[in-house]
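All remarks here apply to the structure that follows.
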Amino acid sequence: MKARLVDERDALWEANADGFRVSIFRAGERVETFDLDTPNVVGALDWANELQNDEAFELFAKVSDPSGGVGLVLLLSRRPGATAH
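Quick note on my numbering: the sequence shown kicks off at 1 and runs consecutively.
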């Protein structure tokens, strides 16, 4: 991992998470998805780690979309071969 100093003013937008979403990838290509109302990412990650029982999962931040829908930002992927960007 490399770290570099940046100007924090270069971001085009910033949003608070409205909660978190976890998708757990079960055997047989079954996916279970849960919305979590925890106020922080640590609580969401703890929940996912406890529930997933060594199965793959992805953790997303939920963000309100201007159209009234839900946007998702991938925070962590624990799927073989997948990475968060």
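A virtual CB, placed ideally from N, CA and C, is assigned to each residue, including glycine. Since we're looking at a predicted model, the values are computed, not measured.
Check                                                                     : Outcome
Buried/exposed call for glutamate 32, threshold 16 Cβ in 10 Å             : exposed
Whether alanine 44 touches valine 70 by CB criterion (9 Å)                : no
C-alpha gap between tryptophan 47 and glycine 19, whole angstroms         : 13 Å
Extent of the continuous beta strand (DSSP E) to which leucine 51 belongs : Where leucine 51 is concerned, there is no enclosing beta strand (DSSP E), although the alpha helix (DSSP H) it sits in stretches over 41-51.
DSSP-derived helix/strand/coil call for glutamate 8                       : helix
DSSP-derived helix/strand/coil call for glycine 68                        : coil
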